[in-house]
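Take a look at the structure set out below.
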Amino acid sequence: MADSTLPLLLQGYAWLPDRRRRSGGAPVRTRLLGKRVIALHGTAAVRFFYDEEHIHRHGALPEPVIDTLFGQGAVHTLDGEPHRVRKGLFLRLLKDPEGVRALTDRVVLEWKETVEGWTDRGRIVLFDEVAGVLTRAVHAWAGVPLPEDEADGVARDLVAMVDGFASAGPRQLRARRARHRQERRVARLVEEAREGADTGEGAGVRATPFRAVAHHRDADGSLLDPRTAAVEVLNILRPTVAVSWFAAFAAHALHRWPEHRAALRDDDPAAALAFAQEVRRFYPFAPFIGGLAAERLDWAGRAIRPGTLVLLDLYGQNHDPDLWPRPYVFDPARFRGAPVRQDELVPQGGGDPAAGHRCPGEDITLALLSALAVLLSGLSYRVPEQDLSIPLHRIPTAPRSGFVIEDVR
């Protein structure tokens with residue numbers, strides 16, 4: 002089989018759906034970075050992929066992705082009991098309804114304080130501003146110290162980690178440097194938090210996600226080493242700041258289809274949630290996810306050798322006309338009146354967060370995106386001439402301009 006690494010880099014999100022169309026809908030077989038690959042699609046494939054007896058994550062992620070996006074030793078790289086214990090920490094922290102509300106309230110407060118300063122400025126790059134809002138808010142919520150004069154630099158680093166994971170050039174280098182800086186920063190904070198607890202200084206200190214990670218004990222009963230603890234703290238901070246991509250897409254959608262502003266301005270939670278879900282479905286975020294076949298497997302009569310890299314098509318599934326009528330029409334109404342059927346909407350993966358590798362932070366993503374969409378709908382601004390194209394060859398992608406606004410009121 003020919004290696005598809007170069008076509009993937011050139012086509013980005015379009016690569017796998019294009020290969021699937023050319024294969025007549027059959028599973029795509031190819032190679033990436035020399036490794037044997039099979040790509041699956043559909044709701045049954047989601048259930049197959051998230052069965053831990055079928056697919057393992059350890060060794061599946063390319064080192065460039067680990068070294069930028071997730072971090073060495075992250076929960077994403079674990080399987081079995083070590084994964085369940087570490088994942089339990091994130092489930093407790095990220096799926097607690099009170100915690101989600103507290104973070105959302107903090108973001109709304111930070112947004113309102115930030116927007117007050119926009120009226121005196123001419124040109125606002127929305128993506129950058131939202132990244133700053135989310136960085137300051139999630140640090141405060143998680144209990145991670147962040148001096149005000151460091152906030153902008155930390156925000157840029159957290160964005161860089163996401164922006165560079167799928168690149169082989171300067172973006173990858175920036176992402177690696179950003180991760181090294183932030184792991185060192187947070188590891189020092191973890192050590193200080195533990196020293197405070199050892200001397201009794203931590204008594205009565207408010208329990209926070211940061212402290213929960215700093216004092217977490219893994220499946221073997223040991224504390225995480227400071228660097229791994231820093232990795233997992235960043236796996237709370239970084240995905241929250243990654244909502245900046247969805248916020249830019251939300252602004253893009255409101256600009257292209259302003260008729261949706263009215264429902265959001267009415268502060269109807271159902272309308273805001275439907276809009277947020279459609280943004281996640283319609284716009285490109287993760288193209289696919291991957292794992293390794295744990296043993297010899299059979300999928301639709303096709304044998305999968307042990308160790309084969311198995312990809313699950315996310316972008317293609319979110320635009321599958323068999324699941325989403327008129328998939329390239331932006332229509333939040335498709336999420337009104339009925340719950341999302343399991344394993345159909347997969348912008349951040351599928352399966353059960355409590356039982357598998359599905360991201361436990363989707364509740365936070367939805368809550369923050371819903372709130373930001375309402376806040377955007379209530380903001381008066383002008384959208385100047387700019388390049389609002391969204392290049393599908395770039396992963397992750399966003400409006401090229403970052404979505405510039407002026408004359409904010």
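The sequence shown runs 2 to 410 under my numbering.
Quick reminder that beta carbons are idealized off the backbone N, C-alpha and C, glycines included.
- Assignment of F250 by DSSP, reduced to helix, strand and coil, places it in the helix class.
- Ranked by Cα distance from M2, the first of F283, G26, V341, I39 is I39.
- For W142, the enclosing alpha helix (DSSP H) starts and ends at 127 to 143.
- If you compare the alpha carbons of A368, A213, R30 with that of A304, the shortest gap goes to R30.
- Looking from the CA of A374, the closest CA among F276, P98, T44, H320 belongs to F276.
- For L298, the uninterrupted beta strand (DSSP E) run begins and ends at 298 to 300, by DSSP.
- Using a Cβ distance threshold of 8 Å, S223 and V131 do not count as a contacting pair.
- Leaving aside the five residues that flank G43 on each side, none in its chain has a CB nearer than 6 Å to its CB.
- Contact between H57 and L293 holds: their C-beta atoms lie close to 5 Å from each other, under 8 Å.
- L376 is the residue among D388, L376, G403 whose C-alpha sits nearest the C-alpha of E114.
- Here R23 is exposed, its C-beta having fewer than 16 other C-beta atoms within 10 Å.
- With a cutoff of 8 Å on beta-carbon distance, A138 and E111 are scored as near each other.
- Within the segment 35 to 69, the complete beta strand (DSSP E) runs of at least 3 residues fall at 36 to 41.
- In this structure, DSSP gives T78 a helical state, which the three-state scheme calls helix.
- When C-alpha distances from G60 are compared across G308, G403, T229, the shortest belongs to G308.
- Here D4 is bridged, per DSSP, to R32.
- Going by C-alpha positions, E279 is about 14 Å away from A368.
- Look at V330 here: in three-state DSSP terms it is coil, with no helix or strand label.
- Here the segment 237 to 254 makes contact with the segment 118 to 134; the two share three or more CB pairs at distances below 8 Å.
- Following the DSSP letters along the chain, one finds D314 inside the beta strand (DSSP E) bounded by residues 310 to 314.
- Close CB contacts of D4 within its chain, under the 8 Å cut and outside five residues either way in sequence, are with T31, R32, L33, L34, G35 (chain order).
- No Cβ-Cβ contact shorter than 8 Å links I365 with V384.
- Assigned with DSSP and collapsed to three states, R401 falls in coil, not helix or strand.
- For A334, the closest C-alpha among the options E260, T241, A188, Q12 is that of E260.
- Here the C-alpha atom of Q73 lies approximately 23 Å from the C-alpha atom of E54.
- Non-local C-beta neighbours of L315 in its own chain, meaning closer than 6 Å and more than five positions away in sequence, comprise A287, F289, V347, ordered along the chain.
- Straight-line measurement puts the Cα of V145 at about 8 Å from the Cα of L190.
- Contact check for R87 and L79: beta-carbon distance about 6 Å, within the 8 Å limit, so the pair qualifies.
- Taking the Cα positions, Q318 is about 12 Å away from R281.
- The beta carbons of R102 and A141 sit about 15 Å from each other, so the pair does not count as a contact at 8 Å.
- Under DSSP, I406 takes part in a beta bridge, and its partners are I125.
- In the DSSP annotation of this structure, R383 is not part of any beta strand (DSSP E), being labelled neither H nor E.
- DSSP places I290 in the strand class (E or B) of the three-state scheme.
- Within the model, the alpha-carbon separation for G338 versus F283 is close to 19 Å.
- The residues P227, R228, A231, in chain order, have a CB closer than 6 Å to that of A188 in the same chain once the five nearest residues on each side in sequence are set aside.
- Looking at the backbone, the Cα of L238 and that of G170 are separated by about 25 Å.
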